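Visitor: So in the working numbering, spot 179 of the sequence shown is number 179, and the numbers just go up one at a time.
Pasting in a structure now, in structure tokens, and then I'll have a few things to ask.
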Amino acid sequence: MVKVAEIKQENIILAAIDIFTEKGLEQASMEAISKKAEVSKRTLYKYYPTKESLFNAIIERMLSNVAGITQTPFNPDEPVKVQLTAIARKEVELLCCPHFISLARMVLSECMRSTDSASLMMKKVQQLEGFKGLSKWIEAGVSAEVLDIRYPDIASEQFMAALKSIVFWPQILVHLPPASQHEREIAIEMAVAQFLSAYLKDS
């Protein structure tokens, strides 16, 4: 059963996302957030004493969603294409989620406004356990002598970039609607094909 405290914190986070998106972190007020969340300022300050602590919580939420996608261990007995396609489908499902798009747009906008926010974002990325899950999956594939990749982190970024170019950045930057199912399947198919063409060892 969901606790009242958890509901209040969720409402605060959602309200902060809306207010930060509209006003930016610097111009946003805790009063506006408390009104939007329909909680008292005392309750708001109990959970989040500053706007920065709220922004920090929002970043952690966004990154934890991303990190959870690529925690599939490499399986040497399963075709690489099957494994990579499954990872891509999970990633695309997240990237197309309206709530995640709203969350990401707000965080990225604030990072563009403020070097302090950008620095905090990078610090959180580096600290987050499991954020480089795809890189670790790639490293395991290299160790199994199935993949031939010298720079796993770069290969991981290339793969994700191929997906995001269709199902994420157009929605973030120019507010296009979420990609259709057909567009998602094309993005996945092309990203997987490019990766395998570049890195899969000859059998």
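We put the beta carbon where it would ideally sit given N, CA and C, even for glycine.
Fair warning: this is a prediction, and the values are worked out from it, not measured in the lab.
Excluding the 5 residues preceding and the 5 following Leu120 in the sequence, name in chain order all residues of the same chain whose CB lies nearer than 7 Å to its CB.
Guide: Along the sequence shown, one-based indexing puts residue 120 at 120. Asn56 and Ile59.
Visitor: Between Glu22 and Leu94, what straight-line distance do the alpha-carbon atoms span, to the nearest angstrom?
Guide: For this step, residue 22 is matched to residue 22 along the sequence shown. For this step, residue 94 is matched to residue 94 along the sequence shown. Answer to the nearest angstrom: the Cα atoms are 23 Å apart.
Visitor: Provide the residue span of the alpha helix (DSSP H) that contains Thr85, from first to last.
Guide: Taking the sequence shown and counting its residues from 1, the one referred to as residue 85 is at position 85. Here the alpha helix (DSSP H) through Thr85 covers Val80 to Leu95.
Visitor: Is Ala5 buried or exposed, if buried means 16 or more other CB atoms sit within 10 Å of its CB?
Guide: Here residue 5 corresponds to residue number 5 of the sequence shown, with the count starting at 1. Label assigned to Ala5: exposed.
Visitor: When DSSP labels each residue in this structure, what does Leu134 get in the three-state scheme?
Guide: Here residue 134 corresponds to residue number 134 of the sequence shown, with the count starting at 1. The answer is helix: DSSP assigns Leu134 an H, G or I state.
Visitor: Near Ala16, what residues of its chain come up, given a Cβ to Cβ distance below 6 Å and the 5 sequence neighbours on each side ignored?
Guide: Start at 1 with the first residue of the sequence shown, and residue 16 comes out as number 16. Within the same chain, Ala16 has close Cβ partners Ile33 and Leu54.
Visitor: Less than 7 Å between C-beta atoms, sequence neighbours within five positions excluded: which residues of the same chain meet that for Thr43?
Guide: Sequence index remark: in the sequence shown, residue 43 carries index 43 (1-based). Excluding sequence neighbours, Thr43 sits near Lys8.
Visitor: Applying the 10 Å Cβ sphere with the 16-neighbour rule, what's the burial state of Pro73?
Guide: Start at 1 with the first residue of the sequence shown, and residue 73 comes out as number 73. Result: exposed.
Visitor: Evaluate Pro49 with the Cβ neighbour count: other Cβ atoms within 10 Å of its Cβ, from every protein chain shown; 16 or more gives buried, anything less gives exposed.
Guide: Residue numbering aside, residue 49 sits at position 49 when the sequence shown is read from its first letter. Counting Cβ neighbours within 10 Å, Pro49 comes out exposed, since fewer than 16 surround it.
Visitor: Leaving aside the five residues before and after Arg113 along the sequence, list all residues of the same chain whose C-beta is less than 6 Å from its C-beta, in chain order.
Guide: Translated into positions along the sequence shown, residue 113 becomes position 113. So the list reads Gly24, once near-sequence residues are dropped.
Visitor: State the DSSP-derived secondary structure class of Leu176, mapped to helix, strand or coil.
Guide: To locate residue 176, count along the sequence shown from 1; it is residue 176. It is coil, neither helix nor strand.
Visitor: Tell me which same chain residues have a C-beta within less than 7 Å of the C-beta of Leu196, skipping the five on either side of it?
Guide: Start at 1 with the first residue of the sequence shown, and residue 196 comes out as number 196. Answer for Leu196: Val80 and Lys81, listed in chain order.
Visitor: Given a cut-off of 8 Å, decide if Leu103 and Arg61 are closer than it, judged by their beta-carbon atoms.
Guide: The residue you call residue 61 lines up with position 61 of the sequence shown. The residue you call residue 103 lines up with position 103 of the sequence shown. Yes, the pair counts as a contact, with Cβ atoms nearer than the cut-off.
Visitor: What does DSSP give as the partner residue(s) for Leu200 in the beta ladder?
Guide: Against the sequence shown, residue 200 aligns to sequence position 200. Leu147.
Visitor: Out of Ala28, Gln71 and Lys35, point me to the one whose CA is closest to Ala140's CA.
Guide: Residue mapping note: residue 140 aligns to position 140 of the sequence shown, counting from 1. Cα-wise, what sits closest to Ala140 is Gln71.
Visitor: With burial defined as no fewer than 16 other Cβ atoms inside 10 Å of the residue's Cβ, what is the status of Lys164: buried or exposed?
Guide: Counted from its first residue, the sequence shown places residue 164 at position 164. Counting Cβ neighbours within 10 Å, Lys164 comes out buried, since at least 16 surround it.
Visitor: Determine the closest residue to Glu91 out of Ala37, Val125, Met106 and Leu134, with distance taken between C-alpha atoms.
Guide: If you number the sequence shown from 1, residue 91 lands on position 91. Per the Cα distances, Leu134.
Visitor: On a CA-only basis, which of Pro76, Val66 and Lys136 is nearest Lys124? Give me that one, please.
Guide: As a first step, residue 124 must be located in the sequence shown, where it is residue number 124. Nearest C-alpha to Lys124: Val66.
Visitor: Enumerate in chain order the residues of its own chain whose CB-to-CB distance from Ala118 is below 7 Å, with the five nearest sequence positions on each side excluded.
Guide: Sequence index remark: in the sequence shown, residue 118 carries index 118 (1-based). So the list reads Cys111, once near-sequence residues are dropped.
Visitor: Taking the beta carbon of Ser156 as the centre, do at least 16 other beta carbons fall within 10 Å, making it buried, or is it exposed?
Guide: As a working mapping, residue 156 is identified with position 156 in the sequence shown. Counting Cβ neighbours within 10 Å, Ser156 comes out buried, since at least 16 surround it.
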